[in-house]
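Numbering (my numbering), first residue to last: 1 to 592.
Below, the structure written as C-alpha cells:
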C-alpha cells in the first residue's frame, strides 16, 4: 500500500470516506511528511492510535477559509508555529527580516506570521468560538510556556498560554502528552479537566489541590525586578527532572500558569514505534510547482537516531525542551529505516546523517537516567565528562558498519555536530579514527563557540585547551589516514560576558591556528535559556555574578567582524575597535 499524506482538504476527506476529522494540526511550516518535522510526527502518532487527523499548513491568517479547509474537528485543534520559533524564522539576530524561509515553499518569506501560535489560535477562536479546545505545541510554545524575556520586544512577555488564549501547552517532543489528551477528550472529558498530564502547562484559578507546587515569582514581579526574574529561572530549572521534579506555578494577575513536571523518557520500544510509522518522507505534492521545500533537502536522506542532550549549553533550549536524558532508538529500527531509504527511487546511495542533537551521543547511558531521572546540581559533560556517563561508541560503530553493508548504500555520513570534548581523550581514539575514515564527507561539524575562558564558562562550554587537544588529534588522525578533511567550526559572537577584548582574542586564535569560521551566529537570547536570563538581567541566575551584555548593534557587528574579517566594512570596524583598545599592532596578526 502506498503511504498517503494526511488530508489537507475536503476532497481528501471524501477520498477517504470521512465526514469529519477528529483533530486538525495547524502548522507554520509547509506540510512535509518527514520524521524531522514535528507536525508530521504528531500527526502520524495520533493516526496510529486510530484518530482521524488532518493538516492545515501555513494558513493565510487574513483568510478565514484557510482555517475551514477541513471543517470543524470533533476533538481539538493542535497548533504549532513550526520547527522553529516564528520570530527566529522571520528575523535575523539583528532584527532584520530574513531573505528566505527554508520551511516555506520556494523558500518564500511572509508565509507565516510573527508569533504564529498566537495568530493562529486567535483566528481559530474567532471562527470556532471559545469552546473549541486548542492545544499548543512545538518549540515556540514550549520555550514560552512561562513568563519569558522576548528579544524582539525587549521586554518580559506573559506565558504564551495566556497571550494565545489556548487551553494547554504541551512542552517537549509531545507524543505522550498529545495521546493522553486525545484519549481523554475522546472519552468525553472536558479540556479543563486535563490538568494533571506531565509535560504540559495549564491555567488554574488556585493551587488548593496542589500542595507540593513550587511557586516562582509572578509575571508582575519578573517583568519589573530582574533579580526576581533570575529567581524564577533558577527555581524552574531545578524542577526539570522527570522523576523528582515538582509542579511550578507562576501567578499572572489573578490566575496561575502551572507547569507540570516533565514526562518520563520514552522507552526504546516507544521511540522505535514513532520512527517506524509510515512517513512518505516528501513534501506534499501541492508544493511541486512552488519550488518545493528547501529545508527538506538537508534531511531527506537522514535518520534520527536519538533525542536529548546532556550538554546543557547555556544558550541552547534543549534542556527545557527535549531534556538532558538521551533516548536512543534500537539498531533494528535505525537499520529498517536505512533499508527503506535504500529502496527509494531517488536514493543515490548516500545516507547524509545518522544523529540527533549531538552525533556522538547515540546509545549514551547512565544508571541515573535508567531510573528516569538526572543528577541535581551536577552536569554530565561540563566541565568534563562525568565518569558515570557511558558513551555508546562501540554500539555506534557496529550500527554504522551494518548500515554500510545494506545493498544500495554507498556512504553513511554523520553530519550533525559532534561534541569535540568527547573526542579529545584516548577512550575516543577508535571511534574518531573510524568516523574520519568512513563517515564524514570531508567536513566535521564542531562547536568551540568561543575562545575566552570567561565566556566559555558562562556558556557551560569546556576550556579552549580541550579544543586544542581535539584539534591536534583530528589533524593527526587525518594525516595518518592520508586524508584532507576540515572542521566546520561554529562560533557565537556577542554572548553575555563577551567584550571587545574577548572578541579580539577569538580573532587572534583563529588567525594563529589557520582556522576559518564561516559558521558564525550572532547571539540570540532564546526564551527560557540561561543565556537569555543573563542577557536580560546582566547577572548569572545561579551565582549572582555581574555579566557584561553586548547589546548595542554596533558592538555586536564589531564582535562578529573580529571573527569574520572579510570585506572593507569589517576591516574598518576591527581597526576602530583596536584603536580604542590601544592595540593597533594586532592588525598585522589578524590579517597576515
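Even glycine gets a Cβ: it sits at the ideal position worked out from N, Cα and C.
- Query: Taking all protein chains shown into account, do 16 or more other C-beta atoms lie within 10 angstroms of the C-beta of residue 472, making it buried, or fewer, making it exposed?
  - Reply: Here residue 472 is taken as the residue at index 472 of the chain shown, counted from 1. Residue 472 is exposed by the Cβ-count criterion.
- Query: Would you call residue 405 buried or exposed, if buried means 16 or more other Cβ atoms sit within 10 Å of its Cβ?
  - Reply: Indexing the chain shown from 1 puts residue 405 at position 405. Exposed, by the Cβ-count rule.
- Task: Can you have a look at residue 138 and say buried or exposed, based on whether 16 or more other CB atoms are within 10 angstroms of its CB?
- Result: Here residue 138 is taken as the residue at index 138 of the chain shown, counted from 1. Classification of residue 138: buried, given that the 10 Å Cβ count is 16 or more.
- Message: Could you tell me which whole beta strand (DSSP E) segments of length 3 or greater appear in the region 413 to 486?
- Response: You should have 443 to 449.
- Return the bridge partner residues of residue 26 from the DSSP annotation. Counting from 1 along the chain shown, the entry for residue 26 is found at position 26. The partner list for residue 26 (beta bridge, DSSP) reads 56, 79.
- Task: Express the C-alpha separation of residue 382 and residue 461 in angstroms, rounding to a whole number.
- Result: For the purposes of this step, residue 461 is taken as residue 461 along the chain shown, with counting starting at 1. For the purposes of this step, residue 382 is taken as residue 382 along the chain shown, with counting starting at 1. Across the structure, residue 461 and residue 382 are spaced so that their CA atoms are roughly 7 angstroms apart.
- Query: Under the DSSP definition of a beta bridge, which residues are partnered with residue 283?
  - Reply: Position 283 of the chain shown, counted from the first residue, corresponds to residue 283. Its beta-bridge partners are 32.
- Message: Would residue 377 and residue 243 be called neighbours here (beta carbons separated by less than 9 angstroms)?
- Response: Indexing the chain shown from 1 puts residue 377 at position 377. Indexing the chain shown from 1 puts residue 243 at position 243. At the C-beta level, residue 377 and residue 243 stay beyond 9 angstroms of one another.
- Item | Buried versus exposed call for residue 206 [16 or more other C-beta atoms within 10 Å across all chains shown] | As a working note, residue 206 is residue 206 in the chain shown. Classification of residue 206: exposed, given that the 10 Å Cβ count is below 16.
- residue 155 lies in the beta strand (DSSP E); which residues open and close that run? Counting from 1 along the chain shown, the entry for residue 155 is found at position 155. Where residue 155 is concerned, the enclosing beta strand (DSSP E) stretches over 155 to 157.
- Identify the residues that DSSP records as bridge partners of residue 136: which are they? Locating residue 136 in the chain shown gives position 136, counting from the first residue. Residue 136 pairs with 79, 169.
- Item | Own chain residues within Cβ distance below 7 angstroms of residue 230, not counting five before or after | Working through the chain shown from its first residue, we reach residue 230 at position 230. Excluding sequence neighbours, residue 230 sits near 533, 537, 539, 541.
- Message: Checking 9 angstroms against the spacing of the C-beta atoms, do residue 202 and residue 246 come in under that value?
- Response: Residue 202 sits at position 202 when you count from the first residue of the chain shown. Residue 246 sits at position 246 when you count from the first residue of the chain shown. No; because the gap between Cβ atoms is not below 9 angstroms, this pair is not in contact.
- Task: Have a look at residue 66 and residue 117 and give me their C-alpha separation to the nearest angstrom.
- Result: Here residue 66 refers to the residue found at position 66 when the chain shown is read from its first residue. Here residue 117 refers to the residue found at position 117 when the chain shown is read from its first residue. Distance between the alpha carbons of residue 66 and residue 117 is about 15 angstroms.
- Under a Cβ-count criterion, where at least 16 other Cβ atoms within 10 Å of its own Cβ denotes burial, should residue 507 be classed as buried or exposed? Numbered from 1 along the chain shown, position 507 holds the residue referred to as residue 507. The residue in question, residue 507, is buried, as its Cβ has 16 or more Cβ neighbours within 10 Å.
- Counting pairs of Cβ atoms below 8 angstroms between the region 252 to 260 and the region 156 to 174, do you hit three or more? yes
- Message: Give me the residue from 276, 210, 209, 149 with the minimum Cα distance to residue 219.
- Response: On the chain shown, residue 219 is found 219 positions in, with the first residue counted as 1. If we check each option's Cα against that of residue 219, 149 comes out closest.
- Cross-strand partners of residue 202 (DSSP beta bridge): In the chain shown, counting from the first residue as 1, residue 202 sits at position 202. Answer by DSSP bridge pairing, in chain order: 258.
- In angstroms with no decimal places, state the Cα-to-Cα distance between residue 409 and residue 397. In the chain shown, the residue the question calls residue 409 occupies position 409. In the chain shown, the residue the question calls residue 397 occupies position 397. Rounded to whole angstroms, the separation of the alpha carbons of residue 397 and residue 409 is 16 angstroms.
- Query: Leaving out five residues before and five after residue 342 in sequence, what residues of the same chain have Cβ atoms less than 7 angstroms from its Cβ?
  - Reply: Within the chain shown, numbered from 1, the residue matching residue 342 stands at position 342. Contacts found: 406, 407, 408, 409.
- Considering only residues of the same chain and omitting the five flanking positions on each side of residue 319, which have a CB-CB separation below 7 angstroms? In the chain shown, residue 319 corresponds to position 319, counting from 1. Counting only Cβ-Cβ distances below 7 angstroms, and skipping sequence neighbours, we find 240, 312.
- Query: Mind checking residue 89: buried by the 16 CB within 10 Å criterion, or exposed?
  - Reply: Here residue 89 is taken as the residue at index 89 of the chain shown, counted from 1. It is buried - the Cβ of residue 89 has at least 16 other Cβ atoms within 10 Å.
- Message: Looking only at its chain, what residues have a beta carbon closer than 8 angstroms to the beta carbon of residue 92, apart from the 5 residues adjacent to it on each side?
- Response: Translated into the one-based positions of the chain shown, residue 92 becomes position 92. Cβ within range, chain order: 98, 522.
- Query: Okay, do the region 70 to 89 and the region 23 to 36 touch, 3+ Cβ pairs below 8 angstroms being the bar?
  - Reply: yes
- Message: Can you tell me which residues form a DSSP beta bridge with residue 251?
- Response: As a working mapping, residue 251 is identified with position 251 in the chain shown. According to DSSP, residue 251 bridges with 256.
- Query: For residue 322, which three-state DSSP category applies?
  - Reply: Position 322 of the chain shown, counting from 1, holds the residue named residue 322. Coil, per DSSP.
- Just mark residue 476 as buried or exposed, buried being the case when its beta carbon has 16 or more other beta carbons within 10 Å. For the purposes of this step, residue 476 is identified with residue 476 of the chain shown, where counting begins at 1. By the 10 Å Cβ count, residue 476 comes out exposed.
- Query: residue 566: which of 516, 120, 34 sits nearest, CA to CA?
  - Reply: As a working note, residue 566 is residue 566 in the chain shown. The residue with the shortest Cα to Cα distance from residue 566 is 516.
- Message: With distance defined between alpha-carbon atoms, name the residue in 103, 367, 423, 110 nearest to residue 384.
- Response: By 1-based counting over the chain shown, the position of residue 384 is 384. Looking at the Cα atoms, 423 is the closest of the given residues.
- Message: Closer than 8 angstroms is the cut-off here; do at least three beta carbon pairs connect the region 33 to 40 with the region 7 to 24?
- Response: no
- For residue 486, count neighbouring Cβ atoms within 10 angstroms of its own Cβ and tell me buried if that reaches 16, exposed if not. Counting from 1 along the chain shown, the entry for residue 486 is found at position 486. By the C-beta density criterion, residue 486 is exposed, having fewer than 16 other C-beta atoms within 10 angstroms.
- Item | Among 316, 268, 83, 22, the one whose alpha carbon lies nearest that of residue 188 | Position 188 of the chain shown, counted from the start, is the residue given in the question as residue 188. The residue with the shortest Cα to Cα distance from residue 188 is 22.
- Does DSSP put residue 351 in a helix, a strand or coil? Numbered from 1 along the chain shown, position 351 holds the residue referred to as residue 351. Here residue 351 sits in strand by DSSP.
- Message: Could you check whether the Cβ of residue 442 sits closer than 9 angstroms to any Cβ belonging to chain B?
- Response: Reference to chain B is not applicable here, since this structure consists of a single protein chain.
- Message: Three Cβ pairs or more, each shorter than 8 angstroms: is that satisfied between the region 144 to 161 and the region 128 to 135?
- Response: Put simply, the region 144 to 161 does not touch the region 128 to 135. Fewer than three CB pairs are less than 8 angstroms apart.
- Message: Nearest by alpha-carbon distance to residue 265: which of 368, 289, 64 is it?
- Response: Counting from one through the chain shown, the residue named residue 265 turns up at place 265. Comparing Cα positions, the closest option is 368.
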